[in-house]
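Under our numbering, the letters of the sequence shown match residues 1 to 61, in that order.
All C-beta atoms in this analysis are idealised placements derived from N, C-alpha and C, irrespective of residue type, glycine included.
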Amino acid sequence: MEMGKVLKTNEGKNDVIKFYDKFLQKLALSYEKFYVDTRYGKTFIIASGEKSKDRQKGSGI
């Protein structure tokens with residue numbers, strides 16, 4: 001099954017990214033942003049908190 005795009009235009013995508021960036025700047029915590037390949041395509045991740053030993057070994061998330 002092919003999934004459709006959530007964001008229909010580049011302008012919409014840029015608006016969402018700007019919102020996330022402004023929101024993350026207001027938080028008093030550290031985080032990392034990265035993409036994960038899934039069977040549905042690339043998924044954008046914003047992760048925060050302590051990394052567990054399991055996650056570091058690749059069995060988290």
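- Taken atom to atom, the span from the alpha-carbon of Gly49 to that of Glu32 is near 10 Å.
- In this structure, Tyr35 sits near Lys42, with a CB-CB distance shorter than 8 Å.
- Annotated three-state conformation of Lys33 is strand, per DSSP.
- Measuring C-alpha to C-alpha distances from Ile46 to each of Gly12, Asn14, Asp21 identifies Asp21 as the nearest.
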